[in-house]
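Peer 1:
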Amino acid sequence: MPPQPLSRVRPGAIFQWGTGVLQPYPTLCAIITEIISFGAQIEFNWSAILVDLMQANAKPAMAMYEALSGGEARRAAIMGAASVALPEEDFLLFQAVDKVLTPSRRVRNKFAHHIWGASTELPNRLLLIDPEALREFEVQKAGEKYGVQPEYDPFDRSRILVWKRADLEEVRTAAHAGLVILGELYHGLAESYPDVAISVQGRQQLLSRPAIEQAFQQMCRQRTPATPQPKHGKKRSSRT
């Protein structure tokens, strides 16, 4: 069962966020830190894959990539490069890898950008607060200062998720698996040199994972007819 909202676990729980709130939970915080670190490594590896796709054009491509501020924009840039550089079947596999890694990436982003809190009524658990819910709360509190009565519960507890250690460990396992999968994709591209393609061994390794194979088959069913591409991909320029 995924993490449940506070409104379902304990609607009336008193909770806190801010300085010092997480200090009593070093083990849980260590898991969260590791998840965020895995996510950062995955993002770096995607940029390394972009370099491998672009080869001689890697320097301007990386400058463009670094200039993009949003994760989704960066992913679109990588997908655009892959769609041009890779043979169709390899691009479908490339897309399948991204699809499998997307849920873990989204959770990691929330871990990094949402607000952590805790409640003494929920020992050994942490609360992940949607910043939008916190902003609405602050607006309500500001209104109360001037005699404006809140129109609704000042804090939407349905947007506060309760995370147990088992939930966090499951996310950590998924994040580590994503890092390994992306490593397999990277090495599959490197092994195909001088072609821009995923090596036979790399394809086999990736497709041996049920989630990847399932996503790949779905991509194959959804694909539309396209202009045929060279069977073995484009030749790479010599490395510098």
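6 is the number of the first residue of the sequence shown in the numbering used here; add one for each residue after it.
Even glycine gets a Cβ: it sits at the ideal position worked out from N, Cα and C.
Fair warning: this is a prediction, and the values are worked out from it, not measured in the lab.
Less than 8 angstroms between the C-beta atoms of Gly183 and Val26, yes or no?
Peer 2: no
Peer 1: Which residues does DSSP pair with Ala123 in a beta bridge?
Peer 2: Gln21
Peer 1: Where in the stretch 21 to 92 do unbroken runs of the alpha helix (DSSP H), each at least 4 residues long, occur, reported from the N-terminal end onward?
Peer 2: 31 to 59, 63 to 72, 76 to 90
Peer 1: Can you give me the Cβ contacts of Phe221 inside the same chain, cut-off strictly under 7 angstroms, excluding the 5 residues immediately before and after it?
Peer 2: Leu97, Leu98, Ala101, Leu212
Peer 1: Quick check on Val201: does DSSP put it in helix, strand or coil?
Peer 2: Three-state result, Val201: coil.
Peer 1: Grouping DSSP H, G and I as helix and E and B as strand, with all else coil, what is Arg130?
Peer 2: Here Arg130 sits in strand by DSSP.
Peer 1: Between the stretch 61 to 68 and the stretch 172 to 179, do three or more beta carbon pairs fall short of 8 angstroms?
Peer 2: no
Peer 1: Does DSSP classify Pro10 as helix, strand or coil?
Peer 2: strand
Peer 1: Tell me where the alpha helix (DSSP H) around Pro215 begins and ends.
Peer 2: 215 to 227
Peer 1: Does the distance from the C-beta atom of Val167 to that of Gln46 stay below 8 angstroms?
Peer 2: With contacts defined as CB atoms closer than 8 angstroms, Val167 and Gln46 fail to qualify as a contacting pair.
Peer 1: Determine, using beta-carbon pairs with one atom in the stretch 200 to 211 and one in the stretch 112 to 127, whether at least three such pairs fall under 8 angstroms.
Peer 2: They do not touch, by the three-pair rule.
Peer 1: Nearest-angstrom Cα distance between Ile19 and Ile36?
Peer 2: 24 angstroms
Peer 1: Measure the beta-carbon distance from Arg113 to Ala180 and round it to whole angstroms, keeping in mind my assumption that it falls under 8 angstroms.
Peer 2: That pair is a contact at about 6 angstroms.
Peer 1: Nearest-angstrom Cα distance between Leu187 and Glu93?
Peer 2: Distance between the alpha carbons of Leu187 and Glu93 is about 19 angstroms.
Peer 1: Closest by CA to Asp161, which one among Thr107, Ala138, Glu143?
Peer 2: When only C-alpha atoms are compared, the closest one is Ala138.
Peer 1: Taking C-beta to C-beta, are Ala90 and Val201 nearer than 8 angstroms?
Peer 2: yes
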